[in-house]
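Chains as they are written, first to last, in UniProt numbering: chain A, 1 to 217; chain B, 1 to 217.
Glycine included, each C-beta is placed from N, C-alpha and C at the ideal position.
Just so you know, these numbers come straight off a predicted model, no measurement behind them.
There are 2 protein chains.
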Amino acid sequence: MLQLYSYFRSSAAYRVRIALALKGLPYETVPVHLLAGGGQQHGAGYRATNPQGLVPALQDGEGGAVITQSLAIIEYLDEAHAGAPLLPTDALGRARVRALAQAVACDLHPLNNLRVLRYLKHDLGVSDAQKDAWYAHWVALGLSAVEEMLARSPDTGRFCHGDAPGLADCCLVPQVFNAQRFGCPLGDYPTIARIVAECEALPAFQQAAPDRQPDAA
Amino acid sequence: MLQLYSYFRSSAAYRVRIALALKGLPYETVPVHLLAGGGQQHGAGYRATNPQGLVPALQDGEGGAVITQSLAIIEYLDEAHAGAPLLPTDALGRARVRALAQAVACDLHPLNNLRVLRYLKHDLGVSDAQKDAWYAHWVALGLSAVEEMLARSPDTGRFCHGDAPGLADCCLVPQVFNAQRFGCPLGDYPTIARIVAECEALPAFQQAAPDRQPDAA
């Protein structure tokens, strides 16, 4: 049985939960509470599983191989399990989907992570207003670029790439969820909003949502 | 002819230059100066090529398809061009290499980017000492995790994965180059230092270095 080290609010874990649900793969959630006791992800126990001390990590059964990094996990699931492919088959299409996913996962999300917001507050002593402005700045920069990438391309369909959900949608939905939780307006991103609505109508995306997780507060 | 929109000091462009050289693919450099005139990457001309306003971008000939995001570009090059594979063939090995690459490209580099350091200085008004501490903090966190991922795995060889250079090495070398440029000590990362030395002995890595680029200052 696959085991997913997860935290209900982690955007990166949320991506993998969507992918697991889209592919119809059963798994067990191993909760790693990012706030309790200074953060369980920093404990020696979890660091033995993932030296980065970040969620998610995927383990293929007790004592099995551990895979870290949400995008690497999703591509692994896609390569190891046929059915409901999360990437297209042509090299250019695959590059487009990966670029959309990475525009979120490399250029937007890492800047608004829990550990970064904490550093801003505790180490740099910025005000809450400055922290919120930082958050909103990177969301606006990131989502406006993704909006343009989606709006200008004939490859965009009901979902980020064509008419089936895939890797890029797995990244976009949790990012938009986060942005909304922090009160960032989404009115300037009509293509993103339309695609996210399509995704949220699907059971796989619904099951993966933070409030549906066993460790939800 | 492949065209690479590049800036000599861009860590992400440097990754792609290494990959192009490892695969023996000829290309033309289209310089995008990230500092001149407020940054050529923000101009309408370049934004028509890449809405993210970031380098690198790869274009497959005049008017050809544009691919953005360094990791997506490298995987595209690997899929579209046989010879000198940059990822292993087994799913677990591929996941490990991608995770190492993403530990740099998603969790370390984005925090120490030019645009982020500028925001810290100009928008948050942090001191140079605070900016340097921020930089060193994320380098230490990121490289110590990568060191442990490499040191504990029997899959680590002369290079990050086995005895041939690949995607993970394409990411590691520019990150270490940057860390050294900013004066971060590397003594705690013996495996990383050993692998980087192996890489730097290869002509492909030497050709891709910042000071060898046509746009080097």
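{"query": "Presumed contact (8 angstroms Cβ cut-off) between GLU147 of chain B and TYR189 of chain B, rounded CB distance", "result": "4 angstroms"}
{"query": "Short CB-CB distance (under 8 angstroms) between TYR189 of chain B and chain A", "result": "no"}
{"query": "Simplified DSSP state of VAL32 of chain B, which is helix, strand or coil", "result": "coil"}
{"query": "Burial state of HIS109 of chain A (16 or more Cβ within 10 Å)", "result": "buried"}
{"query": "Cα-Cα separation between PRO26 of chain B and MET1 of chain B, rounded to whole angstroms", "result": "7 angstroms"}
{"query": "Against chain A: residues of the region 37-53 of chain B by CB proximity under 9 angstroms", "result": "ARG47, ASN50, PRO51, GLN52 and GLY53"}
{"query": "SER144 of chain B, DSSP secondary structure in three states", "result": "helix"}
{"query": "Contained beta strand (DSSP E) runs [length at least 3] in the UniProt domain \"GST N-terminal\" (1-85) of chain B, N- to C-terminal order", "result": "2-6, 27-31, 57-60 and 66-68"}
{"query": "8 angstroms contact criterion, which VAL104 of chain B and CYS171 of chain B should meet: CB distance rounded", "result": "4 angstroms"}
{"query": "First through last residue of the alpha helix (DSSP H) which encompasses PRO190 of chain B", "result": "190-200"}
{"query": "Nearest-angstrom Cα separation, counted from LEU186 of chain A out to GLU75 of chain A", "result": "29 angstroms"}
{"query": "Distance CB(HIS42 of chain A)-CB(GLY24 of chain A) smaller than 8 angstroms", "result": "no"}
{"query": "The region 62-74 of chain A / the region 82-99 of chain B touching (three or more Cβ pairs under 8 angstroms)", "result": "yes"}
{"query": "Per DSSP, the bridge partner or partners of GLY162 of chain A", "result": "A:THR156"}
{"query": "Any C-beta of chain B under 8 angstroms from that of HIS33 of chain A", "result": "no"}
{"query": "7 angstroms CB neighbourhood of HIS161 of chain B in its chain, flanking five on each side removed", "result": "PRO88, GLY93, ARG96, VAL97, ASP155 and ALA168"}
{"query": "Cutoff 8 angstroms; reference VAL32 of chain A; Cβ partners in own chain excluding five residues on either side", "result": "TYR5, SER6, TYR7, GLN40, GLN41, TYR46 and VAL55"}
{"query": "VAL66 of chain B versus B:PRO165, B:THR49, B:ALA204 and B:PRO210, residue with shortest Cα-Cα distance", "result": "B:THR49"}
{"query": "Own chain residues within Cβ distance below 8 angstroms of GLY61 of chain A, not counting five before or after", "result": "MET1, LEU2 and GLN3"}
{"query": "Cβ of LEU2 of chain B within 8 angstroms of any chain A Cβ", "result": "no"}
{"query": "Below-8 angstroms beta-carbon distance, ILE192 of chain B vs any chain A residue", "result": "no"}
{"query": "Interface residues of chain B facing LEU117 of chain A [CB-CB closer than 7 angstroms]", "result": "The contacting residues do not exist; LEU117 of chain A stays about 12 angstroms from chain B at best."}
{"query": "Nearest-angstrom Cα separation, counted from LEU77 of chain A out to ALA151 of chain B", "result": "25 angstroms"}
{"query": "Residues of its chain near PRO174 of chain A, where Cβ-Cβ distance is below 6 angstroms and the 5 sequence neighbours each way are ignored", "result": "SER11, TYR14 and ARG15"}
{"query": "Residues of the region 94-110 of chain A whose Cβ lies closer than 9 angstroms to any Cβ of chain B, in chain order", "result": "ARG94, ALA95, ARG96, VAL97, ARG98, ALA99, LEU100, ALA101, GLN102, ALA103, ALA105, CYS106, ASP107, LEU108, HIS109 and PRO110"}
{"query": "Integer Cβ distance of GLN69 of chain A from CYS199 of chain B, believed to fall under 8 angstroms", "result": "With a Cβ gap of about 21 angstroms, GLN69 of chain A and CYS199 of chain B do not count as contacting."}
{"query": "CB contact below 8 angstroms: THR156 of chain A versus chain B", "result": "no"}
{"query": "Exposed unless 16 or more other CB atoms sit within 10 angstroms - verdict on GLN213 of chain B", "result": "buried"}
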